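Data block below; observations after.
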């Protein structure tokens, strides 16, 4: 069996229990060496064959998977965070589908959730933001015209911007042109939950300067929104006056 496994945001103990067990049972592991914490490989057996996909093409990755299937081996494709977000797994799954090879998918903890934990923040506080826009800036990989940062900025919602730390000035300009104030709170979270994690709190207008001053141009999230000010109304769920299926509220 081939298992796509989310490695989690960075810290080796933030992989899921299922993901850890799949690593323990693996005969072959193909891991994203440029992004995945190598300490996760300590969960594998001493006989497990390890491949670093940072040096491999898609075809080479699929060849290793197919060879493992022919030999009846358990193969783990270990990818950073949760592979469903910018994980480039669709193309791998498609090629396996074309070959009639079965596989499974074990989700992981995305770096956006690791970053929220490090920031000690909730992305969706009541009356501040109830939506999270997950996106990226356009670089060598194009972005559909209707999904530009500038167009999304008009919503004023919480934004988590992946794969864009090296384009902080462009991101800042697009956010401001799209509708955010240059004073809107923002954060850059470098290597969320890793031992060398770095958190820079700034503003939309200060993103480029903050990234440059801290030497950050990759492996970081840009996070934007008023939720960073830790303001918002109290949730009704635990309000004494609020009635729901499990509790009758008291009159004010």
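Residue numbers (my numbering): 68 to 319.
We put the beta carbon where it would ideally sit given N, CA and C, even for glycine.
Model, not experiment: these values are computed from the prediction.
Within its chain, find whatever has a CB closer than 6 Å to the CB of residue 172; leave out the 5 residues flanking it on each side and keep chain order. 71
Whole angstroms is fine: what's the gap from residue 258's alpha carbon to residue 316's? 43 Å
Rank 278, 152 and 84 by C-alpha distance to the C-alpha of residue 253 and give the top, closest one. 278
What do you reckon, are the CB atoms on residue 178 and residue 76 nearer than 7 Å? yes
Does the region 286–293 come close enough to the region 210–219 to have 3 or more Cβ pairs within less than 8 Å? no
Counting pairs of beta carbons, one from the region 105–112 and one from the region 128–140, are three or more of them closer than 8 Å? no
Using 7 Å as the threshold, is the C-beta distance between residue 268 and residue 230 below it? no
Residue 146 classed as buried or exposed, judged by whether at least 16 other C-beta atoms fall within 10 angstroms: buried
Roughly how many angstroms lie between the CA atoms of residue 273 and residue 223, to the nearest whole one? 18 Å
Quickly, what does DSSP pair residue 311 with across the bridge? List them, please. 314
With DSSP as the reference, label residue 73 as helix, strand or coil. strand
For the putative contact between residue 101 and residue 121, defined by C-beta atoms under 8 Å, what is the C-beta separation to the nearest angstrom? 4 Å
Short Cβ contact (7 Å threshold) for residue 249 with residue 271: yes
Opening and closing residue of the alpha helix (DSSP H) in which residue 294 lies: Run containing residue 294: none; DSSP gives neither H nor E here.
Element boundaries [alpha helix (DSSP H), containing residue 131]: 125–137
Going by C-alpha distance, which of 141, 280, 291 and 234 is nearest residue 91? 141
Would you kindly check if the distance between the Cβ of residue 176 and the Cβ of residue 89 is under 7 Å? no
Between the alpha carbons of residue 188 and residue 107, how many angstroms are there, rounded? 27 Å
Among the candidates 197, 186 and 99, whose CA atom is the shortest distance from the CA of residue 153? 99
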